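J.:
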Amino acid sequence: MVQRRIASVSAMGVAKPSFSPLAVRGPTWDGRFTVLILFLPPALLLFTLFVVLPIGEAAWYSAFNWNGFGRPTNWIGLDNYRFVLETRAFWLALRNNGLIIAVSLAIQLPLALTLALMLAERFRGAVALRMLFFMPYILAEIATGLIFSFVYDGDYGLVASIWRAFSAEPPHLLASTDTAMLAVLIVVVWKYFGFHMMLFIAALQGLDKSLIEAARIDGATRTQTLRHVVIPLLYPTVRLSVFFAIIGSLQLFDLVMPLTRGGPADSSNTMVSFLYNNGISRMRVGYGSAIGVILFAICVTFAFTYKRWFMRDE
Amino acid sequence: MSSAGASRAFDPAALFKALFLGLIAVFVLVPLLATLLGGFKSLGELRVNPFGLPGRWEWQNYADILFSARYWQLLRNSLIIATLAVTLTLITASMAAFTFAHVKFYGSSMLLSYLTLGLLFPAATAVLPLFIKVRDLGLLDTYFGVALPQVAFSLAMSVLLLRRFFKDIPYELLEAALVDGCSYIKFFRYVTLPLSRPILATVGTITFVNSWNAYLLPLVMLNTDALYPWPLGIMVYQGEYSSEWHLILAFITLTILPTIILFLLAQKHIVAGLTAGAVKG
């Protein structure tokens with residue numbers, strides 16, 4: 211106690227600064243204590259209250275058949291999970307999330323990488339194009355969804371007018387179970403490729419130029435340099451981009467609502483829109499919580515596995 | 002490095018590149034331009050000419066919305082919620098980040114990993130219990146009922162970004178200040194925060210854009226039309242005017258306009274902020 215007070219006095223500058231190990235270790239416990247009790251609690255409290263507790267409660271509520279009013283009393287054990295797994299729409303939603311990931315990997319990622327390689331060089335208009343391609347990413351998903359529900363509209367939309375130009379009967383893309391998900395996938399690419407492109411551009415600008423110079427001096431052609439030097443150097447960013455694509459697909463919701471609301475016949479639901487349509491909008495708290503817990507388990511398992519397998523070095 | 006300048010006319014690679022970039026630019030621009038221009042057309046013209054310039058410019062579509070109380074109310078609500086979210090995030094996250102960066106205490110790294118758990122899953126997973134919680138706190142149908150969960154979910158990323166920046170402020174500076182009788186809190190207020198303007202701007206911009214665009218949380222937490230932020234309001238508007246696309250397009254244009262203006266003004270912070278998670282990993 212006394213010692214602590216002496217230390218604090220010396221920290222106040224009354225005593226001459228000393229270079230004892232204590233002073234080197236720095237500030238005193240008293241000062242730290244004030245900061246700890248003032249600075250940490252707001253963030254920790256908010257985070258615990260609105261992020262951690264709800265996840266725990268989701269696990270608890272998922273064991274009840276409960277409409278949200280009063281207190282949950284109707285304990286049904288794991289039945290909600292069984293109901294979820296028996297719902298066809300759940301598996302459709304899972305498949306759709308898989309499709310989004312597949313498109314992200316097969317189309318969006320190569321597109322983003324190609325554009326990044328083109329636009330990382332300096333030429334007139336490069337910066338403007340970068341900004342243009344990034345713009346869809348900052349637009350609200352709701353606005354993007356509405357814009358594309360116009361683009362796809364069978365009567366007034368852009369697609370319809372192209373069809374009519376060839377005097378064909380315009381399709382109602384969003385109203386058919388065969389095409390609704392495809393239409394959503396195109397919007398996903400439109401909205402997110404710019405973000406991944408920016409990731410790659412940022413990585414390219416951070417590359418060690420001397421490695422590329424060295425390869426060129428050693429007689430490597432442009433293509434060879436690209437294949438054997440630049441792209442391997444980008445692997446960490448590729449892994450990161452894939453990580454974001456997968457996490458992003460698992461939380462995709464806002465975009466789907468204005469386009470299809472997950473329909474027709476659940477053909478374009480994602481996990482979250484399935485959760486919304488079947489749990490939230492009908493206030494089936496137990497059932498919805500079970501979906502939430504499943505989604506949580508998928509996200510966390512994925513994040514840890516991915517980090518362990520692919521991002522060990524970072 | 003590139004020799005494109007010297008032999009531009011005869012370089013097939015450069016030609017291919019220009020075509021490819023042009024194609025993607027069209028892919029991005031056409032839906033946006035069609036939306037902007039569609040708002041200037043009559044419904045009849047939209048049906049026969051969705052791509053081109055309007056034959057007659059219908060300024061009335063835009064004017065009606067701009068002079069309606071509804072439009073401004075939506076923007077006001079969004080602005081209030083986003084401002085609350087940004088202010089509270091910056092205050093709570095910077096205080097926590099400062100503690101994690103400069104104050105050594107038992108359990109520090111454990112608490113930090115606890116906070117970063119928030120990066121692993123989307124808010125949607127727990128939105129039903131979150132709704133019950135907000136209801137039990139009496140915050141349902143209030144701005145805070147939307148803003149507080151938004152702050153909580155933005156904390157993980159914000160604390161990480163801020164802490165990394167704060168850590169670069171030399172520890173010796175803090176030590177010297179403490180020896181001279183400055184308190185941690187004064188150091189935070191008069192040294193850390195002023196030195197950290199760029200990162201505060203970046204974190205603020207990410208939080209703002211996320212809150213401004215958010216749909217799910219306000220959808221669940223708000224019941225009163227008068228409190229709706231614009232993404233909810235525009236969905237209601239679309240429901241009412243179901244197939245009067247010219248009005249809906251004008252409305253969309255006017256609601257995304259603030260985002261685009263903000264983007265042009267603060268590109269640097271937005272790009273840095275939204276790709277910042279990348280560097281962190």
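Chains as they are written, first to last, in the numbering used here: chain A, 211 to 524; chain B, 2 to 282. Just so it is clear, CB atoms sit at the ideal spot from N, CA and C, and this is done for glycine as well. Quick caveat: nothing in here was measured; it's all calculated off a predicted structure.
1) Leaving out five residues before and five after T1(B) in sequence, what residues of the same chain have Cβ atoms less than 7 Å from its Cβ?
2) For a contact meaning CB atoms closer than 9 Å, what does Y366(A) contact in chain B?
3) A269(A) CB to nearest chain B CB: under 7 Å?
4) Can A124(B) and W213(B) be called in contact, C-beta distance under 7 Å?
5) Tell me where the alpha helix (DSSP H) around M534(A) begins and ends.
6) Around the C-beta of S110(B), are 16 or more other C-beta atoms found within 10 angstroms, so that it is buried, or is it exposed?
7) Give a yes or no on whether 7 Å exceeds the smallest Cβ distance from G241(A) to chain B.
8) I'd like to confirm the pairing. Which residues does DSSP put opposite W285(A) in its beta bridges?
9) Enumerate, from N- to C-terminal direction, the unbroken alpha helix (DSSP H) stretches of 4 or more residues contained entirely within the region 105-182 of chain B.
10) Reducing DSSP to helix, strand and coil, say where A455(A) ends up.
11) How long is the line joining the alpha carbons of V313(A) and D65(B), rounded to whole angstroms?
12) Measuring only the C-alpha atoms, how far is N78(B) from Y229(B)?
13) For the alpha helix (DSSP H) containing G240(B), list its first residue and its last residue.
14) Where does N306(A) land, buried or exposed, given buried means 16+ other C-beta within 10 angstroms?
15) Can you name the residues of chain B whose CB is closer than 9 Å to the CB of V495(A)?
16) Please list the partners that G119(B) has in chain A, where partner means a Cβ-to-Cβ separation under 9 Å.
17) Short check: CB of T223(B) to CB of D142(B), under 7 Å?
18) With 9 Å as the C-beta to C-beta threshold (strictly closer), list the residues of the region 184-196 of chain B near chain A in chain order.
19) Is DSSP giving L20(B) helix, strand or coil here?
20) For T126(B) versus F506(A), is the C-beta spacing smaller than 7 Å?
21) Considering only C-alpha positions, which residue in the set N284(A), I265(A), L263(A) is nearest to A273(A)?
22) Please classify A353(A): is it buried, with 16 or more other beta-carbons within 10 angstroms of its beta-carbon, or exposed?
23) From A215(B) to A316(A), what does the alpha carbon distance come to, in whole angstroms?
24) Quick check: what's the CA-CA separation for A268(A) versus G502(A)?
25) I believe F333(A) touches V29(B) by the beta-carbon criterion, under 8 Å. Please report the beta-carbon distance rounded to the nearest angstrom.
26) Can you tell me whether D428(A) is buried or exposed, with buried defined as 16 or more other CB within 10 angstroms of its CB?
27) Expressed to the nearest angstrom, what Euclidean distance is found between the alpha-carbon atoms of F398(A) and L24(B)?
28) At what residues does the alpha helix (DSSP H) containing V221(B) begin and finish?
29) Using the rule of at least 16 other Cβ atoms within 10 Å of the residue's Cβ for burial, across every protein chain shown, is F292(A) buried or exposed?
30) Taking Cβ to Cβ, would you say A375(A) is nearer than 7 Å to L383(A)?
31) Give me the chain A residues within the contact set of N150(B), using Cβ-Cβ distance strictly less than 7 Å, ordered along the chain.
32) Could you check where the alpha helix (DSSP H) with A267(B) kicks off and where it finishes?
33) Return the chain-ordered list of same chain residues with a C-beta closer than 6 Å to the C-beta of A459(A), the five sequence neighbours on each side being excluded.
34) Could you tell me which chain B residues have their CB closer than 9 Å to the CB of S371(A), listed as they occur along the chain?
35) What is the rounded straight-line gap between the Cα of R432(A) and the Cα of T208(B)?
36) What residues of chain A sit near A153(B), judged by a beta carbon separation below 8 Å?
T.: According to the structure shown:
1) Limits of chain B in this structure are 2 at one end and 282 at the other, which puts residue 1(B) out of reach.
2) G39, L44, L47, R48, P51, S244, W246, H247
3) no
4) no
5) Residue coverage of chain A in this structure runs from 211 to 524, which leaves residue 534(A) outside it and unanswerable.
6) exposed
7) yes
8) F274(A)
9) 109-117, 128-137, 144-168, 172-180
10) helix
11) 41 Å
12) 6 Å
13) 231-241
14) buried
15) L129, P130, F132, I133
16) F257, V261, V262
17) Contrary to the premise, residue 223(B) reads as Leu rather than Thr in this sequence. Yes, these two residues count as a Cβ contact at 7 Å.
18) S184, Y185, I186, F189
19) helix
20) yes
21) N284(A)
22) buried
23) 28 Å
24) 7 Å
25) With a Cβ gap of about 19 Å, F333(A) and V29(B) do not count as contacting.
26) exposed
27) It is Val, not Phe, that sits at residue 398(A) in the sequence shown. Cα to Cα, V398(A) sits roughly 18 Å from L24(B).
28) 217-222
29) The sequence shown places Arg at residue 292(A), rather than the Phe named in the question. The residue is exposed, with fewer than 16 neighbouring Cβ atoms inside 10 Å.
30) no
31) Inspection of the sequence shows that residue 150(B) is occupied by Pro rather than by Asn. Within 7 Å Cβ-Cβ: F260.
32) Neither: A267(B) is in no alpha helix (DSSP H) and is coded neither H nor E.
33) Just to set this straight, residue 459(A) is Ser in the shown sequence, not Ala. Cβ neighbours of S459(A) beyond the five flanking positions: N307, I310, I311.
34) R48, V49, N50, P51, F52
35) 41 Å
36) L256, F257, L259, F260, V261
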